[in-house]
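So in this note's numbering, the last one in the sequence shown is 235, and the numbering has no gaps at all. Even glycine gets a Cβ: it sits at the ideal position worked out from N, Cα and C. What follows is a single structure, written as structure tokens, with notes after it.
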Amino acid sequence: MKFAVLAELTELPADTLSKQLKHLEDSGYISRTREYGSTRAKDAVWVALTQTGTEAYAQHVAALKAMTEGS
165 MKFAVLAELT
175 ELPADTLSKQ
185 LKHLEDSGYI
195 SRTREYGSTR
205 AKDAVWVALT
215 QTGTEAYAQH
225 VAALKAMTEG
235 S
């Protein structure tokens with residue numbers, strides 16, 4: 165997902181979101197890739213879950229389901 169779209173969806177300022185993503189990246193949950201445009205203003209940053217992030221998300225969802233289903 166593009167960083168700009170993620171910022172819009174979360175309604176977070178870009179600097180705040182960037183700091184949060186840095187923590188997730190340092191922990192191995194996401195990767196960020198810069199796509200260079202013809203000018204810096206046209207650059208895009210793509211954010212994606214890593215395998216570790218995907219597994220952690222699945223575990224989180226399972227834990228939430230267990231709590232809400234009383235398992």
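Pair within 7 Å by beta-carbon distance, residue i and residue j
i, j, result
"I194", "L213", "yes"
"E189", "R198", "no"
Rounded C-alpha distance that separates residue i from residue j
i, j, result
"Y221", "F167", "19 Å"
"R204", "M231", "46 Å"
"L173", "G234", "31 Å"
"H224", "T218", "10 Å"
"K206", "A178", "16 Å"
"T216", "A226", "15 Å"
"G201", "K229", "42 Å"
Residues bridged to residue i [DSSP beta-bridge criterion]
i, result
"K183", "Per DSSP, none; premise fails for K183."
Unbroken stretches of the alpha helix (DSSP H), 4 residues or longer, contained in the stretch 186 to 233: 215 to 233
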